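Worksheet: one structure, shown below.
Number of protein chains: 2
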Amino acid sequence: MLHSTPHRRIAIASDHAGFDMKAALAITLRDAGHDVVDLGPHDTARVDYPDYGYELATAVADDRADVGIAICGSGIGISIAVNRNPAMRCALVSDALSARLARQHNDANVIALGARLIGIDMARDCVDMFLATPFEGGRHGDRVAKLSTPPHAKDPA
Amino acid sequence: MLHSTPHRRIAIASDHAGFDMKAALAITLRDAGHDVVDLGPHDTARVDYPDYGYELATAVADDRADVGIAICGSGIGISIAVNRNPAMRCALVSDALSARLARQHNDANVIALGARLIGIDMARDCVDMFLATPFEGGRHGDRVAKLSTPPHAKDPA
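Rendered as structure tokens:
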């Protein structure tokens, strides 16, 4: 990883399409000294991305991890699933600029990646920027706070 | 628009960063014969993207529009807000392939665009593909159904 970042507990989950990218990122992150909580799947059998997105959201919301990485074919489906949880701010990203803005402006605690849309080095660059970039706060803080109190979810986890 | 698509009622919302792109897309869509429900903002004064994302989600969930387009600087913040509503499947996209997959695999009913990350012709191409592409159903149907019943939102709108 380019940036030296503080030790983190990183939850990672995918579907079958994201399995290989998940495995590769887990190695990179462990080599960089992070704790990786691999929530599965643990082989390439077909699974449903919502199940793994919900599990990842619960793991981060329950403080079993500091941040999360969610991977499916396009990143779209699993990012929707993670964001059902009002405690999650999951940013679907495909480049480091988006990953940086997700942290600076949205205080993202999860990033979603599309394993069939971007390559492993682009994914590593996104993760690196995601882990290295602080939240800017200020006016962004009020907006982020509103993401925790949606009118549609009266019973946040 | 490249594709000739059936008439739709399209809700569109943004924040101040997405105002110009929203205005330009509204013209394109009306010229193509669609009904456009412009949920604001109606000038470039600073606003909070969650307010407009929640309003867009409610408009589509209440069937005041068939589909929605959500725009902020990166697309990240407003996509998170829209997806707080379990009836929404909002895909953050920056290219037509993602927009196509969002329809084929995720039955997306909203797309989010980053007005500071992609240009207006790329945005038009995303919208065009989003409106033109049918849902594939099949195994994707079971996964999409799970997005409507998250464990985190017990009181869906």
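Chains as they are written, first to last, in the working numbering: chain D, 2 to 158; chain E, 2 to 158.
Even for Gly, the Cβ is constructed at its ideal location relative to N, Cα and C.
These figures come from a predicted structure and were not determined experimentally.
Going by C-alpha positions, residue 38(E) is about 6 Å away from residue 11(E). Just so you know, the alpha carbons of residue 53(D) and residue 111(D) end up roughly 13 Å apart.
Taking 8 Å as the cut-off, the Cβ atoms of residue 118(D) and residue 95(D) count as close. For residue 119(D), the secondary structure class from DSSP, reduced to helix, strand or coil, is coil. Distance from residue 90(D) to residue 131(D) at the Cβ level is roughly 12 Å; contact not present, criterion being Cβ atoms closer than 8 Å. Excluding its 5 nearest sequence neighbours in each direction, residue 45(D) has C-beta neighbours in its own chain below 7 Å: 17 and 20, listed in chain order. Judged by DSSP in its simplified three-state form, residue 16(D) adopts coil rather than helix or strand. CA-CA distance, residue 137(E) to residue 148(E), rounds to 16 Å. Boundaries of the alpha helix (DSSP H) around residue 143(E): 140-148. Ranked by Cα distance from residue 70(E), the options 87(E), 9(E) and 151(E) are led by 9(E). In the structure shown, the three-state DSSP call for residue 94(E) is coil. Counting other Cβ atoms within 10 Å of its Cβ, residue 144(E) reaches 16 or more and is therefore classed as buried. Contacts with chain E at 8 Å (Cβ-Cβ) do not include residue 110(D).
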